[in-house]
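**Q** Okay, handing you the structure first.
Protein chains: 2
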Amino acid sequence: MTFGATATTPVVVQPGDYVVVDTGDPLPEGCDAVVMIEDVVYPEGLDASSLGTCPVTLFAAIAPWGNVRQIGEDICAGEMLLTSNVRVAPAAMGAMLAAGVQEVEVIARPRVGIIPTGDEVVAPSANPQPGDVMEFNSTIFSGMVRQWGAEPVVYPIVKDKPDLVRSAVQRAADECDIVLLNAGSSAGRDDYSSRAVAEVGELLYHGIAIKPGKPAILGCAGEGAGASAIVGVPGYPVSGIIVVEQLVKPLVEHLLGCSADHAETVEATLARPCMSSLKYEEFVRVRLGVVGGKTVATPLSRGAGVVTSFVKADGIMSIPQNSEGLEAGQTAKVSLLRPFEDIANSLVVIGSHDPLIDEVAQLMHARWPKLSVASTHVGSMGAIVAAKRGENHCGGIHLLDEATGEYNEAYLEKHFPKGGVRQVECVYRQQGLMVAPGNPLGIGSLADLAQDGRSYVNRQKGSGTRILADYTCKQAGIDPATIYGYDHEEFTHTAVATLVAAGSADAGMGIYSAAKMYGLGFVPVCEEQYDLLIPDYAWDTPMVQALLEVLRSDAFRTRMEQLGGYRVDQPGRIRRHYK
Amino acid sequence: MTFGATATTPVVVQPGDYVVVDTGDPLPEGCDAVVMIEDVVYPEGLDASSLGTCPVTLFAAIAPWGNVRQIGEDICAGEMLLTSNVRVAPAAMGAMLAAGVQEVEVIARPRVGIIPTGDEVVAPSANPQPGDVMEFNSTIFSGMVRQWGAEPVVYPIVKDKPDLVRSAVQRAADECDIVLLNAGSSAGRDDYSSRAVAEVGELLYHGIAIKPGKPAILGCAGEGAGASAIVGVPGYPVSGIIVVEQLVKPLVEHLLGCSADHAETVEATLARPCMSSLKYEEFVRVRLGVVGGKTVATPLSRGAGVVTSFVKADGIMSIPQNSEGLEAGQTAKVSLLRPFEDIANSLVVIGSHDPLIDEVAQLMHARWPKLSVASTHVGSMGAIVAAKRGENHCGGIHLLDEATGEYNEAYLEKHFPKGGVRQVECVYRQQGLMVAPGNPLGIGSLADLAQDGRSYVNRQKGSGTRILADYTCKQAGIDPATIYGYDHEEFTHTAVATLVAAGSADAGMGIYSAAKMYGLGFVPVCEEQYDLLIPDYAWDTPMVQALLEVLRSDAFRTRMEQLGGYRVDQPGRIRRHYK
Chain U
14 MTFGATATTP VVVQPGDYVV VDTGDPLPEG CDAVVMIEDV VYPEGLDASS
64 LGTCPVTLFA AIAPWGNVRQ IGEDICAGEM LLTSNVRVAP AAMGAMLAAG
114 VQEVEVIARP RVGIIPTGDE VVAPSANPQP GDVMEFNSTI FSGMVRQWGA
164 EPVVYPIVKD KPDLVRSAVQ RAADECDIVL LNAGSSAGRD DYSSRAVAEV
214 GELLYHGIAI KPGKPAILGC AGEGAGASAI VGVPGYPVSG IIVVEQLVKP
264 LVEHLLGCSA DHAETVEATL ARPCMSSLKY EEFVRVRLGV VGGKTVATPL
314 SRGAGVVTSF VKADGIMSIP QNSEGLEAGQ TAKVSLLRPF EDIANSLVVI
364 GSHDPLIDEV AQLMHARWPK LSVASTHVGS MGAIVAAKRG ENHCGGIHLL
414 DEATGEYNEA YLEKHFPKGG VRQVECVYRQ QGLMVAPGNP LGIGSLADLA
464 QDGRSYVNRQ KGSGTRILAD YTCKQAGIDP ATIYGYDHEE FTHTAVATLV
514 AAGSADAGMG IYSAAKMYGL GFVPVCEEQY DLLIPDYAWD TPMVQALLEV
564 LRSDAFRTRM EQLGGYRVDQ PGRIRRHYK
Chain L
14 MTFGATATTP VVVQPGDYVV VDTGDPLPEG CDAVVMIEDV VYPEGLDASS
64 LGTCPVTLFA AIAPWGNVRQ IGEDICAGEM LLTSNVRVAP AAMGAMLAAG
114 VQEVEVIARP RVGIIPTGDE VVAPSANPQP GDVMEFNSTI FSGMVRQWGA
164 EPVVYPIVKD KPDLVRSAVQ RAADECDIVL LNAGSSAGRD DYSSRAVAEV
214 GELLYHGIAI KPGKPAILGC AGEGAGASAI VGVPGYPVSG IIVVEQLVKP
264 LVEHLLGCSA DHAETVEATL ARPCMSSLKY EEFVRVRLGV VGGKTVATPL
314 SRGAGVVTSF VKADGIMSIP QNSEGLEAGQ TAKVSLLRPF EDIANSLVVI
364 GSHDPLIDEV AQLMHARWPK LSVASTHVGS MGAIVAAKRG ENHCGGIHLL
414 DEATGEYNEA YLEKHFPKGG VRQVECVYRQ QGLMVAPGNP LGIGSLADLA
464 QDGRSYVNRQ KGSGTRILAD YTCKQAGIDP ATIYGYDHEE FTHTAVATLV
514 AAGSADAGMG IYSAAKMYGL GFVPVCEEQY DLLIPDYAWD TPMVQALLEV
564 LRSDAFRTRM EQLGGYRVDQ PGRIRRHYK
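Going down the list, the sequences are from chains U and L.
At position 289 of the first sequence the residue is numbered 302 (this note's numbering), and the sequence of numbers has no breaks.
At position 366 of the second sequence the residue is numbered 379 (this note's numbering), and the sequence of numbers has no breaks.
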């Protein structure tokens with residue numbers, strides 16, 4: 014029909030010899046090619062509204078099947094759309110519908126029964142009684158198995174009675190595909206777990222070569238379709254989570270017949286050495302930060318508590334059995350606990366602790382949801398060390414030079430002889446002695462603590478507050494050894510405040526805002542200058558630029574006034590650029 | 014109490030002077046340290062059951078606060094647990110409960126209204142009528158926005174009437190935070206979308222510089238808390254998905270205040286050049302494979318249909334505006350559509366098509382759920398090219414050497430003079446002419462097709478079947494130019510079968526199993542040898558080893574018998590290792 018049409022020898026096609034179609038329409042009977050609307054020329058004075066009733070002119074030939082999608086171009090009957098045992102993604106649903114597939118057989122979500130046990134364990138409450146251990150493991154484990162595609166079933170808390178534990182396990186094994194028996198699996202006086210497993214089914218292993226998680230139990234009950242796996246999960250949540258991740262996830266994957274989740278991993282450079290035992294495969298929680306294009310992993314203290322570990326951990330690094338550990342600078346594979354994108358968008362704060370860091374995090378994240386703050390409290394000297402190693406984007410410093418009474422400059426000159434950092438104004442803050450509410454002991458100075466029966470709680474060496482305490486002792490001619498508890502070190506102002514509030518210590522040095530948070534008495538010692546150290550390599554990152562904007566905002570000023578004990582002058586101003 | 018205890022000067026502690034505690038118990042009144050049970054020595058003849066009532070001996074002193082976790086070691090009151098606008102992970106739930114937080118304010122899931130439009134569009138059905146276009150976009154888009162944390166609301170299909178479209182948009186804008194108006198946004202006769210958006214609210218953009226997805230529309234309606242974003246989404250699903258990903262996801266993220274999902278990306282090496290227009294940012298769907306440690310991206314044909322694109326695509330590569338495209342060997346960032354772990358565990362099959370590849374995929378995945386198969390049909394020569402470039406793990410080959418009548422050896426010797434590949438036996442299969450059921454035209458050979466009014470459909474150059482067709486013509490002294498449709502090339506046996514079944518061609522060469530699948534007549538031409546080419550670099554991968562196990566299994570043999578047209582001798586046997 015269009016054969017031979019060219020720019021000089023156009024072909025005119027009469028109405029009736031062509032049919033108007035839309036993209037996606039089936040090819041009408043008797044047609045074998047489609048001409049694009051852009052290539053159609055209408056008779057003088059007419060337009061697209063006359064299409065179908067007017068002749069049209071074509072200046073180029075169209076080959077048979079031109080602009081026609083062939084039947085079967087996409088997928089043909091008999092070709093396999095998806096293999097079995099795959100997760101059906103949204104696009105695959107569309108593909109199935111396009112191929113006329115209206116129904117698919119699916120695998121039922123595996124049921125995971127979770128049995129909390131323990132005489133001392135109670136349901137979570139806002140006001141626990143002394144001695145109560147709140148049962149939140151079942152909440153964590155439920156969330157984990159739900160993420161993997163299983164259905165959690167949480168059973169009531171079971172007391173430490175062998176027959177109660179056994180019948181709870183029996184019931185859960187009857188009702189579920191996998192049973193998690195939580196706590197009671199370490200070798201203490203409450204160890205009924207392995208007995209219960211052995212009585213209900215078969216005890217396969219008690220104790221596995223991983224750390225944390227050593228005392229885990231593995232067993233099974235029932236047969237065929239009614240078979241259940243039983244996992245004894247240690248009660249300490251940090252261990253429990255590792256065991257659930259290592260033992261329960263593969264079970265869920267086996268039942269689902271496919272991978273349970275992404276399990277994104279990255280190669281990270283270790284910021285500190287991390288020793289390990291030859292006896293176990295060890296799982297170390299790490300914080301991650303992307304600084305200067307390098308992903309840096311900082312192992313969290315292995316004794317770290319529940320909250321810290323799992324709110325602060327960005328990933329889990331595995332150190333193989335038979336390895337003595339890793340050196341600083343070595344790289345290791347880290348399995349991520351949050352998306353890498355979030356980690357790459359985190360402002361890595363390593364330095365002196367101040368509650369204002371949390372406030373900055375909040376203000377920054379609220380304004381730029383993709384940005385977040387990952388802060389580690391290692392004191393002012395820690396900020397300097399981290400910046401030298403290229404591991405932080407910024408860090409708080411308040412280092413008093415005893416010779417001049419000035420803050421920070423002497424330290425930065427000494428540690429960065431070649432420059433490469435900026436000293437940025439943040440706030441001035443009240444340091445003093447936090448004491449019991451109303452100061453019942455009438456403590457007026459550190460000298461009052463060098464008395465029998467009075468106790469002190471200190472900050473760690475290298476922190477600006479410790480330097481201040483040491484300096485104050487020296488000025489007053491006090492021998493620190495005469496102060497009971499001077500060697501007891503804590504890492505944050507709030508940790509010190511907590512111990513004073515709990516009556517474990519009579520006083521501790523710290524900032525006013527921490528004392529206020531805990532309703533403590535406060536004996537002012539001095540006002541100090543709290544600056545931020547920002548290495549040049551971090552200056553142009555969106556995170557640091559966002560930080561500076563937050564510092565300069567009215568919202569920050571208002572928040573500091575609410576916290577109390579701060580004087581805000583020109584936060585965000587560069588005091589000095591060390592070149 | 015334990016002061017001075019050593020191996021030579023043990024200390025005996027009387028009952029009443031100690032209290033038995035479990036891990037996790039609070040420190041009892043009057044105590045300041047915990048001794049581990051392993052360090053306690055009982056009096057002669059007694060054991061742990063007497064603890065609490067017997068004296069115990071300690072051979073080492075324990076420091077005050079030894080084995081005691083301090084209050085506040087984990088987290089202190091006043092410290093920030095989580096900033097606002099974060100997704101609460103399971104461990105964070107535990108952390109909140111541990112910290113006594115029972116309730117949190119959450120952000121409501123954004124409601125995303127989806128309006129399918131079009132006169133020709135019908136709800137999906139297993140038996141569509143000719144001309145029906147099945148509406149499955151709303152299923153795909155629902156799944157996508159649900160994955161991001163939004164709640165989809167699918168409205169009934171709206172006919173192409175301006176007032177119907179307008180009132181549907183108005184209703185959805187009243188009820189939802191985001192409105193997707195699907196189809197009708199390309200400049201065809203059905204373009205009511207932009208008008209409807211302009212009438213209900215404000216039309217911001219019509220047409221954006223991305224491809225596919227150019228005709229997208231962006232608008233808004235309402236104000237304040239009642240404001241809605243309106244997105245006109247192209248009807249062609251491949252374009253629609255890109256537009257939803259590029260425009261709707263950021264809107265959902267904005268409403269949620271946090272990142273919507275992982276969006277894992279990888280650096281991949283391009284297997285083929287990929288040209289692009291300077292005018293648009295172009296999104297190219299790619300298949301990915303990890304071969305020899307390198308992640309290789311193969312762009313999918315841009316004309317690829319819905320099903321193929323979104324079942325086969327592993328990721329989306331973006332080529333920036335102002336770039337003319339990428340060369341083979343260049344690396345590019347690819348945003349993943351499935352977890353990288355799955356991609357790394359895929360057997361990359363590039364070579365000749367046979368439905369048995371699908372069967373192998375099914376058998377392999379069923380047995381090893383972590384393994385999968387990614388196959389691309391590019392013909393036998395394509396298998397050789399891919400192996401030379403290091404891009405596949407295996408590929409089907411059935412290359413007839415006209416001189417000897419042998420299969421594959423001559424080709425492998427020629428193309429791998431230095432060796433590096435294995436030729437592995439797979440199956441023998443019937444090749445022949447697929448014809449209409451019952452062979453009404455009485456076609457007996459290719460010669461019968463060289464007649465006026467008869468048509469043929471061919472396979473692409475480089476495929477073993479094409480070589481066989483060319484060889485058969487030569488043997489019979491037929492000039493291929495005399496066969497109508499000899500130049501019409503399809504890429505798979507099933508695509509050829511589909512066209513014969515649809516009556517678009519009277520015959521096409523292909524394998525028996527494809528003819529059987531479509532209930533076609535079949536005129537045998539010869540039995541050919543279908544081998545697998547496996548490069549040495551891929552041999553030791555778990556995927557190739559699993560493939561070999563599948564080939565050697567009874568299940569494979571049984572399945573081949575069911576498909577029909579195959580002779581199975583010793584599949585998995587190495588015919589020859591080219592060194």
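The beta carbon of each residue, even a glycine, is placed where N, CA and C say it ideally should be.
What residues in the segment 216 to 233 of chain L bring their beta carbon closer than 7 angstroms to a beta carbon of chain A?
**A** Protein chains U and L are contained in the structure displayed, whereas chain A is not.
**Q** Run through DSSP, which three-state label would U/D549 get?
**A** Locating residue 549 of chain U in the first sequence gives position 536, counting from the first residue. The answer is helix: DSSP assigns U/D549 an H, G or I state.
**Q** Less than 6 angstroms between C-beta atoms, sequence neighbours within five positions excluded: which residues of the same chain meet that for L/T389?
**A** Locating residue 389 of chain L in the second sequence gives position 376, where the first residue counts as 1. Here the set comprises I363.
**Q** With DSSP as the reference, label U/A242 as helix, strand or coil.
**A** Indexing the first sequence from 1 puts residue 242 of chain U at position 229. The answer is strand: DSSP assigns U/A242 an E or B state.
**Q** Determine the extent of the beta strand (DSSP E) in which L/Y218 is found, giving its start and end residues.
**A** Counting from one through the second sequence, the residue named residue 218 of chain L turns up at place 205. Start and end: 215 to 219.
**Q** Kindly list the residues whose CB is nearer than 6 angstroms to the CB of U/E133, restricted to its own chain and excluding five residues on each side of it in sequence; keep chain order.
**A** Numbered from its first residue, the first sequence carries residue 133 of chain U at position 120. Cβ neighbours of U/E133 beyond the five flanking positions: V146.
**Q** On the DSSP bridge list, what partners appear for L/Q542?
**A** Walking along the second sequence from the start, residue 542 of chain L turns up at place 529. Note: L/Q542 sits in a beta bridge opposite L/Y441.
**Q** Would you list, in chain order, the members of the segment 132 to 152 of chain U that have their beta-carbon closer than 8 angstroms to a beta-carbon of chain L?
**A** Going along the segment 132 to 152 of chain U in chain order, one finds E133, P137, S138, A139, N140, P141, P143, G144, V146, M147, F149, N150, T152 with a Cβ nearer than 8 angstroms to chain L.
**Q** Does DSSP put U/H411 in a helix, in a strand, or in coil?
**A** Translated into positions along the first sequence, residue 411 of chain U becomes position 398. Reduced to three states, the DSSP call for U/H411 is coil.
**Q** Does the contact criterion of 3 or more C-beta pairs under 8 angstroms hold for the segment 577 to 589 of chain L versus the segment 420 to 436 of chain L?
**A** Yes, since at least three Cβ pairs between the segment 577 to 589 of chain L and the segment 420 to 436 of chain L fall closer than 8 angstroms, the two stretches touch.
**Q** Strictly below 7 angstroms CB to CB, what residues from chain L border U/D371?
**A** Counting from one through the first sequence, the residue named residue 371 of chain U turns up at place 358. Within 7 angstroms Cβ-Cβ: E92, M93.
**Q** Does any residue of chain L have a CB that is nearer than 7 angstroms to the CB of U/V324?
**A** Against the first sequence, residue 324 of chain U aligns to sequence position 311. Yes - at least one Cβ of chain L is within 7 angstroms of the one on U/V324.
**Q** So, at 7 angstroms on beta carbons, what are the nonlocal neighbours of L/C67 in its own chain, with the 5 sequence-adjacent residues on each side left out?
**A** To locate residue 67 of chain L, count along the second sequence from 1; it is residue 54. Cβ neighbours of L/C67 beyond the five flanking positions: P28, Y55, P56, L59.
**Q** Return the CA-CA distance between L/E294 and L/P225, expressed in angstroms with no decimal places.
**A** Position 281 of the second sequence holds residue 294 of chain L. Position 212 of the second sequence holds residue 225 of chain L. If you take the alpha carbons of L/E294 and L/P225, they lie about 9 angstroms apart.
**Q** What distance in whole Å lies between the Cβ atoms of U/Y543 and U/D367, which are believed to be in contact at a cut-off of 8 angstroms?
**A** Here residue 367 of chain U refers to the residue found at position 354 of the first sequence. Here residue 543 of chain U refers to the residue found at position 530 of the first sequence. The Cβ separation is near 6 angstroms, so the contact holds.
**Q** Starting from the beta carbon of U/S97, find every residue of chain L whose beta carbon is closer than 8 angstroms, and list them in chain order.
**A** Position 84 of the first sequence, counted from the start, is the residue given in the question as residue 97 of chain U. Q375, H378, A379, listed in chain order.
**Q** Taking U/D519 and U/L454 to be in contact with their CB atoms under 8 angstroms, please state how far apart those CB atoms are, rounded to whole angstroms.
**A** Counting from one through the first sequence, the residue named residue 519 of chain U turns up at place 506. Counting from one through the first sequence, the residue named residue 454 of chain U turns up at place 441. Right, the Cβ-Cβ distance comes to about 6 angstroms (below 8 angstroms), so this counts as a contact.
**Q** Look at the alpha carbon of L/P129 and the alpha carbon of U/G328, and state the distance between them as a whole number of angstroms.
**A** Position 116 of the second sequence, counted from the first residue, corresponds to residue 129 of chain L. Position 315 of the first sequence, counted from the first residue, corresponds to residue 328 of chain U. Roughly 42 angstroms between the two C-alpha positions.
**Q** Using the Cα positions of L/S289 and L/F296, report the straight-line distance between them to the nearest angstrom.
**A** Within the second sequence, numbered from 1, the residue matching residue 289 of chain L stands at position 276. Within the second sequence, numbered from 1, the residue matching residue 296 of chain L stands at position 283. The straight-line gap from Cα to Cα measures roughly 9 angstroms.
**Q** Within 7 angstroms of any Cβ in chain U, is that where the Cβ of L/A46 sits?
**A** Locating residue 46 of chain L in the second sequence gives position 33, counting from the first residue. So no, L/A46 is outside the interface.
**Q** Against chain U, with Cβ distances strictly below 7 angstroms, would L/T571 count as a contact?
**A** Here the question's residue 571 of chain L lines up with position 558 in the second sequence. Cβ-Cβ to chain U under 7 angstroms: no for L/T571.
**Q** Compute the beta-carbon to beta-carbon distance between L/V557 and L/R570, rounded to the nearest angstrom, for a pair I have assumed lies under 8 angstroms.
**A** Taking the first residue of the second sequence as 1, we reach residue 557 of chain L at position 544. Taking the first residue of the second sequence as 1, we reach residue 570 of chain L at position 557. Contact flag wrong, Cβ pair sits at about 20 angstroms.
**Q** Grab me the residues of L/D30's own chain with a C-beta within less than 6 angstroms of its C-beta, minus the 5 sequence neighbours each way, in chain order.
**A** Along the second sequence, one-based indexing puts residue 30 of chain L at 17. Correct list: empty, nothing qualifies.
**Q** Looking only at its own chain, which residues have a Cβ that is under 8 angstroms from the Cβ of L/A222, when we skip the five neighbours before and after it?
**A** Numbered from its first residue, the second sequence carries residue 222 of chain L at position 209. Hits under 8 angstroms: K292, Y293, E294, Q334.
**Q** Is any beta-carbon of chain U found at less than 7 angstroms from that of L/Q575?
**A** To locate residue 575 of chain L, count along the second sequence from 1; it is residue 562. Not one chain U Cβ lies under 7 angstroms of L/Q575.
**Q** Could you tell me the distance, in whole angstroms, from the CA atom of L/G418 to the CA atom of L/L446?
**A** As a working note, residue 418 of chain L is residue 405 in the second sequence. As a working note, residue 446 of chain L is residue 433 in the second sequence. Looking at the two C-alpha atoms, the distance is approximately 20 angstroms.
**Q** State the beta-bridge partners of L/K307 as determined by DSSP.
**A** Locating residue 307 of chain L in the second sequence gives position 294, where the first residue counts as 1. L/V304.
**Q** By the 7 angstroms beta-carbon criterion, what residues does the segment 329 to 344 of chain U contribute toward chain L?
**A** Cβ contacts with chain L: none found.
**Q** L/S252 versus chain U: which residues are under 8 angstroms apart at the beta carbon?
**A** Position 239 of the second sequence, counted from the first residue, corresponds to residue 252 of chain L. Under the 8 angstroms cutoff, chain U gives no residues; its nearest Cβ is about 10 angstroms from L/S252.
**Q** Do we get a CB-CB distance below 7 angstroms when we pair U/A559 with the residues of chain L?
**A** In the first sequence, counting from the first residue as 1, residue 559 of chain U sits at position 546. Chain L contact via Cβ: absent.
**Q** Measuring only the C-alpha atoms, how far is L/H501 from L/A196?
**A** Here residue 501 of chain L corresponds to residue number 488 of the second sequence, with the count starting at 1. Here residue 196 of chain L corresponds to residue number 183 of the second sequence, with the count starting at 1. Near 32 angstroms, if we compare the C-alpha coordinates of L/A196 and L/H501.
**Q** To which residues of the same chain is U/L561 closer than 7 angstroms at the C-beta, ignoring the five residues directly before and after it?
**A** Position 548 of the first sequence, counting from 1, holds the residue named residue 561 of chain U. Once the five neighbours on either side are set aside, the close Cβ partners of U/L561 are G585.
**Q** On a CA-only basis, which of L/T511, L/H506, L/K474 is nearest L/Y499? Give me that one, please.
**A** For the purposes of this step, residue 499 of chain L is taken as residue 486 along the second sequence, with counting starting at 1. Cα-wise, what sits closest to L/Y499 is L/K474.
**Q** Quick check on DSSP: helix, strand or coil for L/E272?
**A** For the purposes of this step, residue 272 of chain L is taken as the residue at position 259 of the second sequence. Note on residue identity: the sequence assigns Ser, not Glu, to residue 272 of chain L. If DSSP states are grouped into helix, strand and coil, L/S272 belongs with coil.
**Q** Under 7 angstroms Cβ-Cβ, which residues of chain U neighbour L/L110?
**A** Locating residue 110 of chain L in the second sequence gives position 97, counting from the first residue. Simply P137, M147, F149, T152.
**Q** For U/P228, is the classification buried or exposed, using 16 other Cβ atoms within 10 angstroms of its Cβ as the cut-off for buried?
**A** In the first sequence, the residue the question calls residue 228 of chain U occupies position 215. With 16 or more Cβ atoms within 10 Å of its Cβ, U/P228 is classed as buried.
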